[in-house]
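Below is the structure:
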């Protein structure tokens with residue numbers, strides 16, 4: 001009989017002071033408008049922990065096997081509870097968030113829920129979703145944990161989960177959105193088509209075709225492991241989708257009938273569909289990589305293919321749900337494709353991010 005896992009060590013999280021939040025917000029403004037890396041906003045002893053090339057921690061990348069590996073239910077439950085309890089103790093439920101009527105704590109749980117839908121299993125990715133902004137992020141200058149706490153967080157949540165949280169915290173969101181858009185100039189033109197018939201299928205077979213990550217604290221650039229690219233893309237998709245208002249029927253008195261209202265947050269909604277589409281292609285490329293095609297990795301190869309197919313089904317089901325519930329038609333679909341191209345054309349990072357996240361319309 002297998003032993004139940006012990007309770008993981010508690011994580012000490014706390015709300016940052018007003019001065020730290022203000023300094024972080026100012027640093028992010030400097031990064032957006034003048035390209036000045038934001039490391040100066042961190043405490044001196046914390047700055048080395050923000051570097052990707054730092055030797056303060058011995059860490060390995062999250063691989064394709066790590067991405068698709070499931071987690072024992074008891075282990076996942078214990079780690080989830082430890083993180084959730086720490087967030088509650090830090091006052092996450094009392095912190096306001098961008099989504100009307102929801103707290104910061106609600107948002108964290110919602111991101112984890114979407115990643116559970118995307119992934120289909122309890123895993124490190126879902127757990128990372130719950131803690132995706134514990135260290136803060138480019139758009140969230142109010143970290144609940146210091147980067148110097150990475151060893152403690154890793155001990156409680158596991159190396160893969162903590163690594164994804166760290167990458168989310170340090171990678172420029174604006175640059176990542178732009179990089180994923182750069183990787184597929186066709187946007188949503190072939191959304192829903194069979195993979196075998198898409199003209200740009202297999203675009204992630206070569207290393208040069210993957211997104212390049214930028215560390216907004218240090219200005220470093222890096223080609224992450226493909227599994228980390230897929231995970232980061234899904235985390236951002238879940239983060240955006242969790243705050244978007246549900247599509248609604250337009251006012252029948254104005255538009256002549258209850259129909260899908262394609263104007264509301266359309267660029268953000270288009271970006272979510274696009275990022276899930278790209279994550280699907282990334283995972284498929286991982287399944288076909290030499291690493292995963294090795295006989296010893298047969299199970300994980302099949303799991304990669306299953307995850308890719310699952311993401312494709314989610315995209316199709318989501319749009320079909322709009323058709324069923326809101327009368328989403330070909331005209332609305334053209335509007336959504338055009339919305340993604342409008343987003344791609346935005347030059348100013350502040351405007352780009354505002355529309356990408358649904359904060360601006």
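In the numbering used here, the protein residues as written are 1 to 361.
All C-beta atoms in this analysis are idealised placements derived from N, C-alpha and C, irrespective of residue type, glycine included.
Nearest Cα to residue 205 within the set 140, 273, 174, 278: 278. DSSP places residue 359 outside both helix and strand once states are collapsed to three, so it counts as coil. Here DSSP, grouped into helix, strand and coil, assigns residue 76 to helix. Below 8 Å, too few C-beta pairs join the region 211-219 and the region 80-87 to call them touching: fewer than three. If you draw a straight line from the Cα of residue 162 to the Cα of residue 337, it is about 35 Å long.
Burial check for residue 316: the Cβ neighbour count within 10 Å stays below 16, so the residue is exposed.
By DSSP's assignment, residue 237 forms no beta bridge with any residue. Every alpha helix (DSSP H) of 4 residues or more that sits fully in the region 59-126 is shown, in chain order, as 64-68, 73-89, 104-119. In this structure residue 119 is in contact with residue 126, their Cβ atoms being roughly 6 Å apart against a cut-off of 8 Å. Residue 221 sits exposed, since fewer than 16 C-beta atoms from the chains shown fall within 10 Å of its C-beta. Straight-line measurement puts the Cα of residue 19 at about 29 Å from the Cα of residue 55.
Distance from residue 247 to residue 322 at the Cβ level is roughly 6 Å; contact confirmed, criterion being Cβ atoms closer than 8 Å. DSSP places residue 304 in the uninterrupted alpha helix (DSSP H) bounded by 298-326. Contact annotation: residue 114 and residue 231 have beta-carbon atoms that are not nearer than 9 Å. For residue 335, the enclosing alpha helix (DSSP H) starts and ends at 330-345. Within 10 angstroms of the beta-carbon of residue 70 lie fewer than 16 other beta-carbons, which makes it exposed. When the Cα atoms are used, residue 334 and residue 117 turn out to be separated by approximately 26 Å. Rounded to the nearest angstrom, the gap between the Cα atoms of residue 202 and residue 288 is 10 Å. Note that the region 179-189 does not touch the region 149-166; fewer than 3 beta-carbon pairs, one per stretch, sit closer than 8 Å.
In this structure, 286 is the residue among 286, 293, 310, 75 with its C-alpha nearest to the C-alpha of residue 224. Taking 9 Å as the cut-off, the beta carbon of residue 172 is found no closer than this to the beta carbon of residue 140.
Runs of the alpha helix (DSSP H) lying entirely within the region 125-157 and spanning at least 4 residues, in chain order: 150-157. Taking the CA atoms as reference points, residue 78 sits about 30 Å from residue 309. In this structure, DSSP gives residue 159 a helical state, which the three-state scheme calls helix. Counting along the chain, residue 48 sits inside the alpha helix (DSSP H) bounded by residues 47-50. DSSP places residue 170 in the helix class (H, G or I) of the three-state scheme. Residue pairing by DSSP puts residue 214 in a beta bridge opposite 221. Following the DSSP letters along the chain, one finds residue 276 inside the alpha helix (DSSP H) bounded by residues 266-287. If you check the CB distance, residue 311 and residue 272 do not come in under 9 Å. The Cβ neighbour count for residue 179, taken over all protein chains shown within 10 Å, is at least 16; the residue is labelled buried. The C-beta distance from residue 306 to residue 62 rounds to 18 Å, too long to fall under 8 Å, and the pair is not in contact. In this structure, the straight-line span from the alpha carbon of residue 104 to that of residue 131 is close to 11 Å.
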